[in-house]
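Q: Shown below is the structure under consideration.
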Amino acid sequence: MKTGILLINLGTPDSPSTSDVRKYLREFLMDPLVIDINPIARWILINLIIAPIRGPKSAKLYKAIWTKEGSPLLTNGVALKAKLQTELGDHFLVTLGMRYQNPSIQSALKELQSAGVTKIIAIPLYPQYAAASTASSIESMKKEVAALGLKQEVKIIPHFYQREEYLNALVASANGLNLENYDHVLFSFHGLPERQILKNDKLMGDGKCAFGSCCETSRPENHFCYRANCVQTANEIAKRLAIKKENFTIAFQSRLGKDPWIKPYSDFEIIRLAKEGKKNILAFSPAFVADCLETIFEIGTEYNELFRENGGESIKLVPSLNTNPEWVAGLKKIILS
């Protein structure tokens, strides 16, 4: 009798070719929980503007980070799956499914079905809750479970930004780094449109989101607020690493389009810090448990160039959790709790 473990992450193109990147962008951005606008407007925006124009540009970026083994997000995911399998032992079967592209959630569930597991534990690998990631992945998994006719109990582990195991692993990722060598610490999280935060606050919060001090303290009303989850994550890491409030900044990256996204923006903050005379910045990316385009290229390359252009010297990126021993052991505890 085995228990099936389903690790879920966002996804990646099958290759860095323009056609595969366009295919990925179309599937990803056509999700109504990702771009939550009128369906016709979304189809026009994605298929006639974003995919045709951004496809070639994004393909170049993926080529820059692609390794012999493939996409870093996928290779890190496969490696995590293998290490977690070793940690859990023969009474478990660990699979990996991507919300978009391959390996799909459906293929992972079919593997568990074929193995005859008696129970399934699913964990979306997004520490902070967002409808565009967490809810979308859970909704997709539930549809696939129903389509396959799976009768096993399915336990879903929710977002885990407050879990000691996750926070301790993040702190451990900075081991070996002398914080005194850096003028400032940047916690850069993936951004979201403000409208999505407000919409979710009406559904799952108290409808009083102000994008300010309400994010600082954990309370039931903001447990499903992405910005609050991010702010509290950064504050907790800073506390554990003894980083003073004035020595770190929380910001949000990867915005798309002209609509307002949650602030402050990472690129704007990097320019500000450089112009204030900061020379060396240490950057954490706690929303990403595996290194990917947003960490390796956006922070590691683009933000470094932006920082130097404005008078800074270097941004040191703390690697994502990937397959750090503390993370593998911590994830095991989260799954078994």
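Quick note: the sequence shown uses the numbering used here, first residue 2, plus one each step. Using N, Cα and C, we set each Cβ at its ideal position, and we do this for glycine too.
1. Between the C-alpha atoms of Leu1 and Lys3, what's the straight-line distance to the nearest angstrom?
2. Under the rule that 16 or more other beta-carbon atoms within 10 Å means buried, what is Ile54, buried or exposed?
3. Measure the CB-CB distance between Lys333 and Ala284 and report whether it falls below 8 Å.
4. Grab the span of the beta strand (DSSP E) containing Phe93 for me, first residue to last.
5. Which residues in the same chain as Arg23 place their Cβ atom closer than 7 Å to its Cβ, once the five residues preceding and following it in sequence are excluded?
6. Report the option in Lys82, Arg164, Leu242 and Ser134 whose CA atom is closest to the CA atom of Glu181.
7. For Trp262, name the three-state secondary structure that DSSP assigns.
8. Assign Pro326 to one of three DSSP states: helix, strand, or coil.
9. Specify the secondary structure class of Phe29 as computed by DSSP and reduced to three states.
10. I want to know whether the segment 138 to 148 touches the segment 98 to 116 - three or more CB-CB distances under 8 Å.
11. Out of Val95, Lys58, Gly208 and Arg100, which one is the CA nearest neighbour of Ile121?
12. In this structure, how does DSSP classify Ile244 when only helix, strand and coil are distinguished?
13. Please state the DSSP three-state secondary structure of Leu85.
14. Identify, in the order they occur along the chain, each residue of the same chain with its Cβ nearer than 6 Å to the Cβ of Asn201, setting aside the five sequence neighbours on each side.
15. For Arg228, is the classification buried or exposed, using 16 other Cβ atoms within 10 angstroms of its Cβ as the cut-off for buried?
16. For Tyr183, collect the residues of the same chain with a Cβ closer than 8 Å to its Cβ; drop the 5 residues on either side in sequence, then sort them by chain order.
17. Alpha helix (DSSP H) containing Ala170: first to last residue?
18. Considering only residues of the same chain and omitting the five flanking positions on each side of Ile47, which have a CB-CB separation below 8 Å?
19. Just the C-alpha distance for Trp286 and Ser189, rounded to the nearest angstrom, thanks.
20. So, are the CB atoms of His160 and Gln197 less than 8 Å apart?
21. Roughly how many angstroms separate the alpha carbons of Asn323 and Asn39, rounded to a whole number?
22. For the structure I just gave you, are there three or more beta carbon pairs, one from the segment 6 to 13 and one from the segment 69 to 81, closer than 8 Å?
23. With a Cβ-Cβ cutoff of 8 Å, do Asp268 and Leu307 count as a contact?
24. Taking the alpha carbon of Leu62 as the point to measure from, which residue in Thr19, Tyr127, Leu34 and Asn77 has its own alpha carbon closest?
25. Near Glu140, what residues of its chain come up, given a Cβ to Cβ distance below 8 Å and the 5 sequence neighbours on each side ignored?
26. Can you list, in chain order, the residues of its chain whose CB lies under 6 Å from that of Pro194, leaving out five sequence neighbours each side?
27. What does Leu283 pair with, by DSSP beta-bridge criteria?
28. For Asp15, collect the residues of the same chain with a Cβ closer than 8 Å to its Cβ; drop the 5 residues on either side in sequence, then sort them by chain order.
29. Decide if Ile124 is buried, meaning its Cβ has at least 16 other Cβ atoms within 10 Å, or exposed.
30. Bridge partners for Gln107 per DSSP, in chain order?
31. Give the DSSP-derived three-state secondary structure of Pro125 in the structure shown.
A: Well, looking at it:
1. Outside the shown range of the chain, which is 2 to 338, sits residue 1, and nothing can be said about it.
2. Your numbering for residue 54 matches position 53 in the sequence shown. So Ile54 counts as exposed.
3. Along the sequence shown, one-based indexing puts residue 333 at 332. Along the sequence shown, one-based indexing puts residue 284 at 283. No. Outside cutoff.
4. Start at 1 with the first residue of the sequence shown, and residue 93 comes out as number 92. Where Phe93 is concerned, the enclosing beta strand (DSSP E) stretches over Phe93 to Tyr101.
5. Locating residue 23 in the sequence shown gives position 22, counting from the first residue. Correct list, in chain order: Ala52 and Gly56.
6. Translated into positions along the sequence shown, residue 181 becomes position 180. Nearest of Lys82, Arg164, Leu242 and Ser134 to Glu181, Cα basis: Leu242.
7. By one-based count along the sequence shown, residue 262 stands at place 261. It is a strand residue.
8. Your numbering for residue 326 matches position 325 in the sequence shown. Looking at Pro326 - three-state DSSP - the assignment turns out to be helix.
9. Working through the sequence shown from its first residue, we reach residue 29 at position 28. Helix at Phe29.
10. yes
11. The count along the sequence shown starts at 1 and reaches residue 121 at position 120. Comparing Cα positions, the closest option is Val95.
12. One-based indexing of the sequence shown puts residue 244 at position 243. Of the three classes helix, strand and coil, the one that applies to Ile244 here is coil, per DSSP.
13. Counting from one through the sequence shown, the residue named residue 85 turns up at place 84. Reduced to three states, the DSSP call for Leu85 is helix.
14. Taking the sequence shown and counting its residues from 1, one reaches residue 201 at position 200. Correct list, in chain order: Ala132.
15. For this step, residue 228 is matched to residue 227 along the sequence shown. Looking at its Cβ environment, which holds 16 or more other Cβ atoms inside 10 Å, Arg228 is buried.
16. Taking the sequence shown and counting its residues from 1, the one referred to as residue 183 is at position 182. Taken in chain order, the residues that qualify are Asn281, Ile282, Leu283 and Lys317.
17. Your numbering for residue 170 matches position 169 in the sequence shown. Its alpha helix (DSSP H) spans residues Glu165 to Ala173.
18. On the sequence shown, position 46 is the one that residue 47 refers to. Correct list, in chain order: Leu26, Arg27, Leu30, Met31 and Ile36.
19. For the purposes of this step, residue 286 is taken as residue 285 along the sequence shown, with counting starting at 1. For the purposes of this step, residue 189 is taken as residue 188 along the sequence shown, with counting starting at 1. For the sequence presented, residue 286 should be read as Ser rather than Trp. Answer to the nearest angstrom: the Cα atoms are 5 Å apart.
20. The sequence position of residue 160 within the sequence shown is 159, counting from 1. The sequence position of residue 197 within the sequence shown is 196, counting from 1. No, they are not a contact pair.
21. The sequence position of residue 323 within the sequence shown is 322, counting from 1. The sequence position of residue 39 within the sequence shown is 38, counting from 1. Asn323 and Asn39: Cα-Cα distance of roughly 37 Å.
22. yes
23. In the sequence shown, counting from the first residue as 1, residue 268 sits at position 267. In the sequence shown, counting from the first residue as 1, residue 307 sits at position 306. For Asp268 and Leu307, yes; Cβs fall inside 8 Å.
24. On the sequence shown, position 61 is the one that residue 62 refers to. If we check each option's Cα against that of Leu62, Thr19 comes out closest.
25. Mapped onto the sequence shown, residue 140 falls at position 139. Result list for Glu140: Leu34, in chain order.
26. Counting from 1 along the sequence shown, the entry for residue 194 is found at position 193. These residues qualify, in order along the chain: Asp260 and Trp262.
27. Your numbering for residue 283 matches position 282 in the sequence shown. Note: Leu283 sits in a beta bridge opposite Val186 and Lys317.
28. Indexing the sequence shown from 1 puts residue 15 at position 14. The residues are Asp21, Lys24, Tyr25, Gln102 and Asn103.
29. Walking along the sequence shown from the start, residue 124 turns up at place 123. Looking at its Cβ environment, which holds 16 or more other Cβ atoms inside 10 Å, Ile124 is buried.
30. Sequence index remark: in the sequence shown, residue 107 carries index 106 (1-based). Beta-bridge pairing links Gln107 to no other residue.
31. Here residue 125 corresponds to residue number 124 of the sequence shown, with the count starting at 1. Looking at Pro125 - three-state DSSP - the assignment turns out to be strand.
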